[in-house]
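Participant: Structure in structure tokens, see below.
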Amino acid sequence: MWHFFRKVIPGEEDLFVSIEEGFELFCKGLSSYGPYWDHVLGYWKASLERPDKILFFKYEDLKKETEACVRKLADFLECPFSMDEEREGTVQKIIKFCSFESLSDFEVNKTGKQVKGHRFVEIYILGRGRLEIGEII
């Protein structure tokens, strides 16, 4: 996220801590959602208790079995792919469209403007500007 927000908020570098400092804060559990691993673990446990309501993917599975995960997501949403969609390569098209390379290439990511003071952005800025870690947590 550190790299992403530095890229989408150009000219605001003084609001960010260094990547080293950000990493240390993250490892100490100081992030906008509290301790990251506790946050993720809660959803993982909930997905085991309510698999009909919460679908949980592991990053490694998404990378290794991307097509299977996309199909599983479609089934979970009760929108399975039809035989025609399978033949037309819809799963592969979705994967390509949702790739980092494709999403990074959107014009809005190159020329779009960030709304100053927007809460979503402020939550993720660690440290030296308008916010302090204590206020985020």
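Each residue of the sequence shown is one higher than the last, beginning at 1 in UniProt numbering.
The beta carbon of each residue, even a glycine, is placed where N, CA and C say it ideally should be.
Owing to the predicted nature of the structure, the values given are computational and were not obtained by experimental measurement.
1) Pull up the CB-CB distance for leucine 77 and cysteine 69, whole angstroms please, since I reckon it's below 8 Å.
2) Using a 10 Å radius around the Cβ and a threshold of 16 neighbouring Cβ atoms, would you call serine 31 buried or exposed?
3) Just the Cα atoms here: how many angstroms apart are serine 102 and isoleucine 94?
4) Cβ of phenylalanine 56 within 7 Å of Cβ of serine 47?
5) Using the Cα positions of valine 29 and glycine 22, report the straight-line distance between them to the nearest angstrom.
6) Alpha carbon to alpha carbon, how far is aspartate 38 from arginine 87? Give it in angstroms, no decimals.
7) Need the endpoints of the alpha helix (DSSP H) that isoleucine 54 sits in, please.
8) Does lysine 28 come out as helix, strand or coil in the three-state DSSP assignment?
Facilitator: Based on what the coordinates show:
1) Here residue 77 is taken as the residue at index 77 of the sequence shown, counted from 1. Here residue 69 is taken as the residue at index 69 of the sequence shown, counted from 1. Not really, about 13 Å apart at Cβ, beyond 8 Å.
2) Position 31 of the sequence shown holds residue 31. That one is buried.
3) The sequence position of residue 102 within the sequence shown is 102, counting from 1. The sequence position of residue 94 within the sequence shown is 94, counting from 1. Taking the straight line from one Cα to the other gives about 11 Å.
4) To locate residue 56, count along the sequence shown from 1; it is residue 56. To locate residue 47, count along the sequence shown from 1; it is residue 47. Cβ atoms of phenylalanine 56 and serine 47: closer than 7 Å.
5) As a position in the sequence shown, residue 29 is number 29, starting the count at 1. As a position in the sequence shown, residue 22 is number 22, starting the count at 1. A small correction: the amino acid at residue 29 is glycine; valine does not occupy that position in the sequence shown. When rounded, the distance between both Cα atoms is 11 Å.
6) One-based indexing of the sequence shown puts residue 87 at position 87. One-based indexing of the sequence shown puts residue 38 at position 38. So the alpha carbons of these two residues sit roughly 41 Å apart.
7) The residue given as residue 54 occupies position 54 in the sequence shown. It is not in any alpha helix (DSSP H) - isoleucine 54 carries neither H nor E in the DSSP assignment.
8) On the sequence shown, residue 28 is found 28 positions in, with the first residue counted as 1. Looking at lysine 28 - three-state DSSP - the assignment turns out to be coil, as it is neither helix nor strand.
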